[in-house]
Amino acid sequence: MRPNTLAEAIEAISAGARHDVVLAGFVDTFDLATTNEERYGSIEHEPRLTGDQRLDALVGALAEYLAKQRRLGRVPPWAGDPARRLASPWFTTASPTDAMREYLTFASPAEFASRNIFTEERPLRRARGPRPAEK
Amino acid sequence: MTNAFGRDALLDAFDRIGRAAVQAGTKLQIVVYGGSALMLASNFRFATEEVHISELPNPLPDWLARTVRDIAKQNHWDGDWFSGVGFHLSPLADRAADHLEFGTFPRDGTPPGLMVSVPSAEYLLALKLKAMRVTDPLRGEAERLDVLNLMRVVGISTPDEAIALLSRYFPISAASTEKQLFLLRNMSPEGGADAPQYPR
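Going down the list, the protein sequences come from chains A and B.
Quick note on numbering: the first sequence equals residues 58 to 192 in our numbering.
Quick note on numbering: the second sequence equals residues 30 to 229 in our numbering.
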């Protein structure tokens, strides 16, 4: 089953589940929520730090990005913790060329770039797509 | 699903749906897209976390909704595991030429109730090129390998050839392909399967 919260997702990953699959499932949970209250509730509680610095930073970026994309009006404070930022840049592609680094540096949304994660301009796209915005 | 689900589990699920269709006195034809199509029909993708299906009746008939729910419960899958396609298919894709019959279910020789098709390698590659999620922080690496392997399967070796294929199915998308071209030229060519096959 999909994780109901980001914290649950990290527990599942810590128990051995694949992080890409679990976090993609969480994005579906977030997108399929029927209210913004429910969406915020799914990211409100801090997932524990795993010691995998990339994962810890990615989870912070994901929470802030989803909150802003869905205009929740607030970002969970834990997402701004310094432990959610990488010391050195991570380009989210295998063996990036200089051109790819440059591309991702400019393409990456601020929520990712501010954590030293450089990725595509519309990360976390899911085939399912979000529910229409809450009125 | 928290865990990706594998080929055998999906085939077993199709067997159950096929039997339920026979019991309901009907036949169901579906097309499976995306990672699940690759998992079913290729030799280079072994798991997926979602199943995208076209040609599903809406709403699902009671017998199908009940079967899908039972399968989800038994396998600890999400209730919407058997879901419709959430992305744009090509209006230019031909039902016969751009799809392959994958199989009929159940697989035990009893009368079939479910026929499953998958897109051709060319069409599936075009769908992957249109989405072009090869640098996504979650699914980017799987997408890159899918694109690399499908290019080998269809005999495409250059970005320009890939864009020509994209334009066959999605001419409007292909009118503005700077991003796809850039990513195809700059993504790592490493890590593909030795002898990718689709269908295997």
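Don't be surprised by glycine CBs; every beta carbon is placed ideally from N, CA and C.
Just so you know, these numbers come straight off a predicted model, no measurement behind them.
Bridge partners - Q58 (chain B), DSSP secondary structure assignment:
In DSSP, Q58 (chain B) forms a bridge with B:M144.
When the distance is taken between beta carbons, is A114 (chain A) closer than 8 Å to R75 (chain A)?
Cβ distance not < 8 Å, so R75 (chain A) and A114 (chain A) don't count as in contact.
Under the three-state DSSP convention, the category H255 (chain B) falls into
Any property of residue 255 (chain B) remains undetermined from this structure, which presents chain B solely from 30 to 229.
What is the rounded straight-line gap between the Cα of S217 (chain B) and the Cα of T149 (chain A)?
Using only the alpha carbons, I get a separation of about 12 Å.
Below 6 Å CB to CB, which residues in the same chain sit around W147 (chain A) once its five sequence neighbours on both sides are set aside?
Closer than 6 Å at Cβ, skipping near neighbours: R111 and I174.
Beta-carbon separation (whole angstroms), D113 (chain B) vs L85 (chain B), contact threshold 8 Å:
Per the sequence shown, the amino acid found at residue 113 (chain B) is Gly instead of Asp. Beta-carbon to beta-carbon, G113 (chain B) and L85 (chain B) are separated by about 5 Å, close enough to satisfy the 8 Å threshold.
Contact set between V163 (chain B) and chain A, taken where Cβ atoms lie within less than 9 Å
Per Cβ cutoff of 9 Å: T150 and E177.
Mind listing the chain E neighbours of R182 (chain A)? Cutoff is C-beta to C-beta under 9 Å, in chain order.
No chain E appears in this structure, whose protein chains are A and B.
With a CB to CB cut of under 8 Å and the five nearest residues on each side skipped, what residues in its chain are close to V147 (chain B)?
Residues of the same chain with a CB within less than 8 Å of the CB of V147 (chain B), apart from the 5 flanking positions on each side, are V60, V61, Y62, A66, L69, A70, H128, L129, F131, L153 and P228 in chain order.
According to DSSP, what are the bridge partners of I82 (chain B)?
B:V61 and B:G113.
Any beta carbon from chain B within less than 8 Å of T62 (chain A)'s own beta carbon?
No, T62 (chain A) does not count as interfacial toward chain B.
If contact is defined by three or more beta carbon pairs under 8 Å, each pair taking one atom from either stretch, is the segment 69–87 of chain A in contact with the segment 174–183 of chain A?
Counting C-beta pairs with one atom in each stretch, the segment 174–183 of chain A and the segment 69–87 of chain A have three or more that are closer than 8 Å, which means they touch.
When the distance is taken between beta carbons, is E121 (chain A) closer than 8 Å to A136 (chain A)?
For the 8 Å CB-CB criterion, A136 (chain A) and E121 (chain A) form a contact.
Would you check if the distance between the CB atom of L195 (chain B) and the CB atom of S202 (chain B) is smaller than 8 Å?
Judged by beta-carbon spacing, S202 (chain B) lies within the 8 Å limit of L195 (chain B), meaning their Cβ atoms are closer than that value.
Going along chain B, which residues have a C-beta under 9 Å from Y97 (chain A)?
Listed along the chain, the chain B residues whose CB falls inside 9 Å of the CB of Y97 (chain A) amount to none; the nearest CB is some 21 Å away.
Just how far apart, CA to CA, sit R95 (chain B) and H81 (chain B)?
Their backbone Cα atoms lie some 19 Å apart in a straight line.
With a cut-off of 8 Å on the beta carbons, I'd call L63 (chain A) and S99 (chain A) a contact; round off their distance for me.
Right, their Cβ atoms sit about 6 Å apart.
Please name the residues in the segment 173–190 of chain B whose beta-carbon is closer than 8 Å to at least one beta-carbon of chain A, in chain order.
Within the segment 173–190 of chain B, the qualifying residues are R173.
Closest Cβ-Cβ distance between H117 (chain B) and chain A: below 8 Å?
Judged by the 8 Å Cβ criterion, H117 (chain B) is not in contact with chain A.
Simplified DSSP assignment, three categories, for T133 (chain B)
Note: T133 (chain B) maps to strand in three-state DSSP.
Tell me, please, which residues DSSP counts as bridged to I201 (chain B).
According to DSSP, which records beta bridges pairwise, I201 (chain B) is partnered with nothing at all.
According to the neighbour-count rule (16 or more other Cβ atoms, all chains shown, within 10 Å of its Cβ), is E219 (chain B) buried or exposed?
Exposed, by the Cβ-count rule.
Alpha carbon to alpha carbon, what distance is there between V97 (chain B) and E191 (chain A)?
The pLDDT assigned to E191 (chain A) is 47, lower than 50, so where the model puts this residue is not dependable, and the model offers no usable value.
Suppose contacts are defined by Cβ-Cβ distances below 8 Å. Is A191 (chain B) in contact with L158 (chain B) by that definition?
Contact check for A191 (chain B) against L158 (chain B) passes: the beta carbons are separated by less than 8 Å.
Members of the segment 101–112 of chain A that neighbour chain B once the beta carbon cut-off is set at 7 Å
Answer in chain order: no residues at all.
So if I threshold CB-CB distances at 7 Å, which residues from the segment 128–158 of chain A count as touching chain B?
Taking 7 Å as the Cβ-Cβ cut-off against chain B, the residues of the segment 128–158 of chain A that qualify are T149, T150, A151, S152, T154, A156 and M157.
Where P7 (chain A) and S119 (chain B) are concerned, what is the direct C-alpha to C-alpha distance, given to the nearest angstrom?
An answer regarding residue 7 (chain A) cannot be provided, because it is not within the stretch 58 to 192 covered by chain A.
Residues of chain B with CB closer than 9 Å to the CB of D88 (chain A), please, in chain order.
By Cβ distance, chain B contributes nothing, its closest Cβ being about 10 Å from D88 (chain A), past 9 Å.
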